[in-house]
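Student: Line by line, the protein sequences are chains A and B.
The opening residue of the first sequence carries number 1 in the numbering used here; numbering runs sequentially from there.
The opening residue of the second sequence carries number 196 in the numbering used here; numbering runs sequentially from there.
Every residue gets a Cβ at the ideal spot worked out from N, C-alpha and C, and that includes glycine.
2 protein chains.
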Amino acid sequence: MGAPVVSGTVVAGRSTKDAIRDAALQLFSTKGFDHSSLREVADAVGITKASLYYHYASKVDLLVAIIEPMFDEVRTQVEGLDEIAHTPENVRAVIRERLRSTLANRKVGALCMRDTVAIVNALGNRYPDLIELHHRTCRWLAGPHADADTLLRATAAMQVLSTAMMSQEIVPDTDIDHIEATLLNAALGVLYPAR
Amino acid sequence: MGAPVVSGTVVAGRSTKDAIRDAALQLFSTKGFDHSSLREVADAVGITKASLYYHYASKVDLLVAIIEPMFDEVRTQVEGLDEIAHTPENVRAVIRERLRSTLANRKVGALCMRDTVAIVNALGNRYPDLIELHHRTCRWLAGPHADADTLLRATAAMQVLSTAMMSQEIVPDTDIDHIEATLLNAALGVLYPAR
DNA sequence: GTCTATATACCGATAGAC
DNA sequence: GTCTATCGGTATATAGAC
Numbered sequence: 001m002g003a004p005v006v007s008g009t010v011v012a013g014r015s016t017k018d019a020i021r022d023a024a025l026q027l028f029s030t031k032g033f034d035h036s037s038l039r040e041v042a043d044a045v046g047i048t049k050a051s052l053y054y055h056y057a058s059k060v061d062l063l064v065a066i067i068e069p070m071f072d073e074v075r076t077q078v079e080g081l082d083e084i085a086h087t088p089e090n091v092r093a094v095i096r097e098r099l100r101s102t103l104a105n106r107k108v109g110a111l112c113m114r115d116t117v118a119i120v121n122a123l124g125n126r127y128p129d130l131i132e133l134h135h136r137t138c139r140w141l142a143g144p145h146a147d148a149d150t151l152l153r154a155t156a157a158m159q160v161l162s163t164a165m166m167s168q169e170i171v172p173d174t175d176i177d178h179i180e181a182t183l184l185n186a187a188l189g190v191l192y193p194a195r
Numbered sequence: 196m197g198a199p200v201v202s203g204t205v206v207a208g209r210s211t212k213d214a215i216r217d218a219a220l221q222l223f224s225t226k227g228f229d230h231s232s233l234r235e236v237a238d239a240v241g242i243t244k245a246s247l248y249y250h251y252a253s254k255v256d257l258l259v260a261i262i263e264p265m266f267d268e269v270r271t272q273v274e275g276l277d278e279i280a281h282t283p284e285n286v287r288a289v290i291r292e293r294l295r296s297t298l299a300n301r302k303v304g305a306l307c308m309r310d311t312v313a314i315v316n317a318l319g320n321r322y323p324d325l326i327e328l329h330h331r332t333c334r335w336l337a338g339p340h341a342d343a344d345t346l347l348r349a350t351a352a353m354q355v356l357s358t359a360m361m362s363q364e365i366v367p368d369t370d371i372d373h374i375e376a377t378l379l380n381a382a383l384g385v386l387y388p389a390r
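Take a look at the structure:
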């Protein structure tokens, strides 16, 4: 909206590019990726669609800007698993680390969880190994030479972690460390059943 | 494609209407609801888009035909919860029943899970209490006068059950009764933590 | 960097012949 | 019940002035 600009940064502290990304995340989260138009995103920011194209080359580029930081974080974590021995303490540490980044990126995570098909379709072959990264995490959690039952429980444990993305809606007045502790224990309980 | 028809039923045993529903489920599951066109559905069946409209009044009507049976099943289960005492045996029975219908409807369930935003948007106000039904289930599982921690664990337990929808991909050679037993115990473990 | 105006394409849905 | 043809709407994306 013609705000004063110094080398690409709005004086207020947030660039137009960032404002577009934030508005798009909000819109994609509520209406879905396919059902959100770039005109709506531009309206939310207070610019026109044509101006938006100055900052992002395409709708998919905008989506990538939103989710790439989280994907990179997950990728780094998963690729590091190869060097971590599968001990009970390390399993606990790995789950805790994933839980922390899930909580930190919960808004983007919820978008990916609730609009998976549309996003996967839009990204096409840009992240061909994304699902494989998730499977690798499950396989690492299950441990070497795990049987089918253990692999199923490892997948269920990962599902428990995804509860973190909805935690603000479910228990809004609970502090984040407590949520982390509860879900960590729950996931470990699924992975190592008492009975 | 002009197959002989007796009172709405193709002689082969499956009506065109059913074929459209099945093709749509397949297409919606892979490409998402918004990104799937009725032209593609019609092409998969071998008819034109106009013929499809003879069987279903709108794209949303087609979606409803796919998901309504599962929704009705869930609704019946949740509305019956009011009359069930919250005892450990009943909690186990309720989880088992939900697990069974989740497994029975896993293809439709996976569609709803992976394309939530688009489907909720398309349905609009047709099922205004759908999310509330899920919350009621979580609250019943947590029990009367439950604290925030228990409610969070009840939600996580429901997430464990959703693993059933992916079970065929994760452990394809495991029989369904074993999957049911494993996930039932996992969900109970989350709800009643040992530590 | 932002604008107006537009090219191009596909969508859901309908009309009407057969 | 299925078809061809088309309407009205909206989407992404671009051209070019300022």
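Does Gly227(B) come within less than 8 Å of chain A when only Cβ atoms are used?
Tutor: Position 32 of the second sequence, counted from the first residue, corresponds to residue 227(B). Contacts with chain A at 8 Å (Cβ-Cβ) include Gly227(B).
Student: Whole beta strand (DSSP E) runs in the region 231-257 of chain B with 3 or more residues, listed along the chain?
Tutor: none
Student: Checking 8 Å against the spacing of the C-beta atoms, do Val45(A) and Ala23(A) come in under that value?
Tutor: Taking the first residue of the first sequence as 1, we reach residue 45(A) at position 45. Taking the first residue of the first sequence as 1, we reach residue 23(A) at position 23. Yes. Within cutoff.
Student: Any beta carbon from chain B within less than 8 Å of Ser45(A)'s own beta carbon?
Tutor: Along the first sequence, read from residue 1 onward, the residue named residue 45(A) stands at position 45. Note that residue 45(A) is Val in the sequence shown, not Ser. It does not; no Cβ of chain B falls within 8 Å.
Student: By the DSSP assignment, the alpha helix (DSSP H) with Asn185(A) in it spans what residues?
Tutor: One-based indexing of the first sequence puts residue 185(A) at position 185. Here the alpha helix (DSSP H) through Asn185(A) covers Ile176 to Leu191.
Student: Kindly list the residues whose CB is nearer than 7 Å to the CB of Cys307(B), restricted to its own chain and excluding five residues on each side of it in sequence; keep chain order.
Tutor: Within the second sequence, the letter at position 112 stands for residue 307(B). Only Ile262 and Ile314 meet the Cβ criterion.
Student: If we define contact as Cβ-Cβ less than 8 Å, is Asn316(B) a contact residue for chain A?
Tutor: Numbered from 1 along the second sequence, position 121 holds the residue referred to as residue 316(B). Chain A, which has a Cβ nearer than 8 Å to the Cβ of Asn316(B), makes this yes.
Student: Kindly indicate if chain A contains any beta-carbon less than 8 Å away from that of Arg234(B).
Tutor: The residue you call residue 234(B) lines up with position 39 of the second sequence. So no, Arg234(B) is outside the interface.
Student: Can you have a look at Ser58(A) and say buried or exposed, based on whether 16 or more other CB atoms are within 10 angstroms of its CB?
Tutor: Locating residue 58(A) in the first sequence gives position 58, where the first residue counts as 1. With fewer than 16 other Cβ atoms within 10 Å, it is exposed.
Student: CB Thr150(A) to CB Ala351(B), shorter than 8 Å?
Tutor: The count along the first sequence starts at 1 and reaches residue 150(A) at position 150. The count along the second sequence starts at 1 and reaches residue 351(B) at position 156. In this structure, Ala351(B) does not lie closer than 8 Å to Thr150(A) by Cβ.
Student: Leaving out five residues on either side along the sequence, give the residues of the same chain with a beta carbon under 7 Å from the beta carbon of Gly304(B).
Tutor: In the second sequence, counting from the first residue as 1, residue 304(B) sits at position 109. So the list reads Met265, Thr297 and Met360, once near-sequence residues are dropped.
Student: So with CB distances below 7 Å, who are the chain A contacts of Val366(B)?
Tutor: On the second sequence, position 171 is the one that residue 366(B) refers to. One finds Ala148, Leu151 and Leu152 in chain A with Cβ atoms closer than 7 Å to the Cβ of Val366(B), taken in chain order.
Student: Does the distance from the C-beta atom of Arg39(A) to that of Lys49(A) stay below 8 Å?
Tutor: The sequence position of residue 39(A) within the first sequence is 39, counting from 1. The sequence position of residue 49(A) within the first sequence is 49, counting from 1. Yes; because the gap between Cβ atoms is below 8 Å, this pair is in contact.
Student: Could you spell out the range, first to last residue, of the alpha helix (DSSP H) harbouring Arg139(A)?
Tutor: In the first sequence, residue 139(A) corresponds to position 139, counting from 1. Where Arg139(A) is concerned, the enclosing alpha helix (DSSP H) stretches over Leu130 to Ala142.
Student: Who are the Cβ neighbours of Ala142(A) in its own chain at under 7 Å, not counting the five residues just before and after it?
Tutor: On the first sequence, position 142 is the one that residue 142(A) refers to. Closer than 7 Å at the Cβ level, and outside the excluded window around Ala142(A), lie Thr150, Leu151 and Ala154.
Student: Quick check: is the beta carbon of Val312(B) nearer than 8 Å to any beta carbon in chain A?
Tutor: Translated into the one-based positions of the second sequence, residue 312(B) becomes position 117. It does: the Cβ of Val312(B) has a partner Cβ on chain A nearer than 8 Å.
Student: With burial defined as no fewer than 16 other Cβ atoms inside 10 Å of the residue's Cβ, what is the status of Arg126(A): buried or exposed?
Tutor: Along the first sequence, read from residue 1 onward, the residue named residue 126(A) stands at position 126. It counts as exposed.
Student: Measure the C-alpha to C-alpha separation of Thr377(B) and Thr332(B) and round it to an integer number of angstroms.
Tutor: Against the second sequence, residue 377(B) aligns to sequence position 182. Against the second sequence, residue 332(B) aligns to sequence position 137. Roughly 20 Å separates the two Cα atoms.
Student: Please go through the same chain and pick out, in chain order, the residues whose beta-carbon is closer than 7 Å to the beta-carbon of Ala214(B), but skip the five residues on each side of it.
Tutor: The residue given as residue 214(B) occupies position 19 in the second sequence. Taken in chain order, the residues that qualify are Val240.
Student: Counting only the same chain and skipping the five closest in sequence on each side, list residues whose C-beta sits under 8 Å from that of Asn300(B).
Tutor: Locating residue 300(B) in the second sequence gives position 105, counting from the first residue. Pro264, Met265 and Glu268.
Student: In three-state terms, what does DSSP make of Ala389(B)?
Tutor: Within the second sequence, the letter at position 194 stands for residue 389(B). Coil, per DSSP.
Student: Would you call the CB atoms of Arg92(A) and Leu188(A) closer than 8 Å?
Tutor: Working through the first sequence from its first residue, we reach residue 92(A) at position 92. Working through the first sequence from its first residue, we reach residue 188(A) at position 188. It is a contact, given that the beta carbons lie within the stated cut-off.
Student: Have a look at Thr16(A), Pro193(A), His35(A) and Arg139(A) and flag the residue whose alpha-carbon is nearest the alpha-carbon of Val94(A).
Tutor: Working through the first sequence from its first residue, we reach residue 94(A) at position 94. Comparing alpha-carbon positions, the option among Thr16(A), Pro193(A), His35(A) and Arg139(A) lying closest to Val94(A) turns out to be Arg139(A).
Student: Mind checking if Leu336(B) is an interface residue toward chain A, Cβ cutoff 8 Å exclusive?
Tutor: On the second sequence, position 141 is the one that residue 336(B) refers to. Not closer than 8 Å to any Cβ of chain A, the Cβ of Leu336(B) fails to qualify, so no.
Student: For Arg114(A), go through chain B and note every residue whose CB falls closer than 7 Å to its CB, in chain order.
Tutor: The sequence position of residue 114(A) within the first sequence is 114, counting from 1. Chain B residues near Arg114(A): Thr311 and Val312.
Student: Mind checking His115(A): buried by the 16 CB within 10 Å criterion, or exposed?
Tutor: Locating residue 115(A) in the first sequence gives position 115, counting from the first residue. According to the sequence shown, residue 115(A) is Asp rather than His. Buried, because 16 or more other Cβ atoms sit within 10 Å of the Cβ of Asp115(A).
Student: Rounded C-beta distance between Ile179(A) and Val171(A)? I'm assuming under 8 Å.
Tutor: For the purposes of this step, residue 179(A) is identified with residue 179 of the first sequence, where counting begins at 1. For the purposes of this step, residue 171(A) is identified with residue 171 of the first sequence, where counting begins at 1. At roughly 7 Å, the Cβ-Cβ gap stays under 8 Å, so Ile179(A) and Val171(A) are in contact.
Student: Helix, strand or coil: which one does DSSP assign to Arg106(A)?
Tutor: Translated into positions along the first sequence, residue 106(A) becomes position 106. Note: Arg106(A) maps to helix in three-state DSSP.
Student: Give me the Cα-Cα distance between Gln168(A) and Asp238(B), rounded to the nearest whole angstrom.
Tutor: Position 168 of the first sequence holds residue 168(A). Position 43 of the second sequence holds residue 238(B). Each residue's Cα considered, the two are about 43 Å apart.
Student: Terminal residues of the continuous alpha helix (DSSP H) containing Met158(A)?
Tutor: Residue mapping note: residue 158(A) aligns to position 158 of the first sequence, counting from 1. For Met158(A), the enclosing alpha helix (DSSP H) begins and ends at Ala148 to Ser162.
Student: Do Pro339(B) and His250(B) come within 8 Å of each other at the CB atom, strictly closer than that value?
Tutor: If you number the second sequence from 1, residue 250(B) lands on position 55. If you number the second sequence from 1, residue 339(B) lands on position 144. No.
Student: Would you call the CB atoms of Ser231(B) and Lys302(B) closer than 8 Å?
Tutor: If you number the second sequence from 1, residue 231(B) lands on position 36. If you number the second sequence from 1, residue 302(B) lands on position 107. Taking 8 Å as the cut-off, the Cβ atoms of Ser231(B) and Lys302(B) do not count as close.
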